[in-house]
Amino acid sequence: MFYVQRDAQGLLVRVEATAYAEATETLPADNHEIQDWFANQAVENSLKQLKQSDLEMIRVLDDLIQVLTAKGVIRVTDLPAAAQAKLMDRNQAREALGGLSRLIDDDEKGLI
Numbered sequence: 001m002f003y004v005q006r007d008a009q010g011l012l013v014r015v016e017a018t019a020y021a022e023a024t025e026t027l028p029a030d031n032h033e034i035q036d037w038f039a040n041q042a043v044e045n046s047l048k049q050l051k052q053s054d055l056e057m058i059r060v061l062d063d064l065i066q067v068l069t070a071k072g073v074i075r076v077t078d079l080p081a082a083a084q085a086k087l088m089d090r091n092q093a094r095e096a097l098g099g100l101s102r103l104i105d106d107d108e109k110g111l112i
C-alpha cells in the first residue's frame, strides 16, 4: 500500500511507502498510477545520471583535446569551425580560472 498526494488536476505529486501528513489517499502497489509513478521516477533518475555523466565526459574530452594539441598530435584547426569556437571559449574560461591545475579537485587524481 502506498500513501499518495494529488494536485488540483488529480495527478500524483507524491508517493510514499509510509504515511505522511499531506497524504490524501492510499493506493495498492499494483495500481496503474503507482506503476506509472515509479516508472517515471526511474526514467527521471536515469536522465539525471546521464546528464551528470555527460558533464563529466565533456571535462574528460576537453582535457584530452588539450593534451593532444599540446603534444602536437592534432591541431585545433583540424577541427570544424564550430568546435574551434567552442574550444576557444572554454580555453579562455579555463585560463581565467587559472588553467587546468586549479580545476581538478583533490579527489580527482589521475583522470587521464
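Everything in the sequence shown is counted per UniProt numbering, starting at 1 for the first residue and increasing by one.
Just so it is clear, CB atoms sit at the ideal spot from N, CA and C, and this is done for glycine as well.
Buried or exposed for residue i, please, with buried defined as at least 16 other CB atoms from any protein chain shown within 10 angstroms of its CB.
i  : result
L4 : Here residue 4 is Val; the residue named in the question, Leu, does not match the sequence. Under this definition V4 is a buried residue.
How about residue i and residue j: do their beta carbons lie closer than 9 Å?
i   : j   : result
M88 : V73 : no
R90 : D62 : yes
Kindly give me the distance between the Cβ atoms of residue i and residue j, rounded to whole angstroms, as I take these residues to be in contact under 8 Å.
i  : j   : result
F2 : A17 : 6 Å
What separation, rounded to the nearest whole angstrom, lies between the Cα atoms of residue i and residue j?
i   : j   : result
H32 : Q92 : 52 Å
R94 : A85 : 14 Å
A70 : D78 : 14 Å
A23 : I65 : 52 Å
N40 : K48 : 12 Å
A81 : I34 : 49 Å
V43 : K51 : 12 Å
Any heavy atom of the ligand PLP closer than 8 Å to the beta-carbon of residue i?
i   : result
S46 : In terms of ligand content, the structure shown is empty, and the ligand PLP therefore cannot be addressed.
Examine the Cβ distances between the segment 26–37 and the segment 6–16 and report whether three or more of them are shorter than 8 Å. yes
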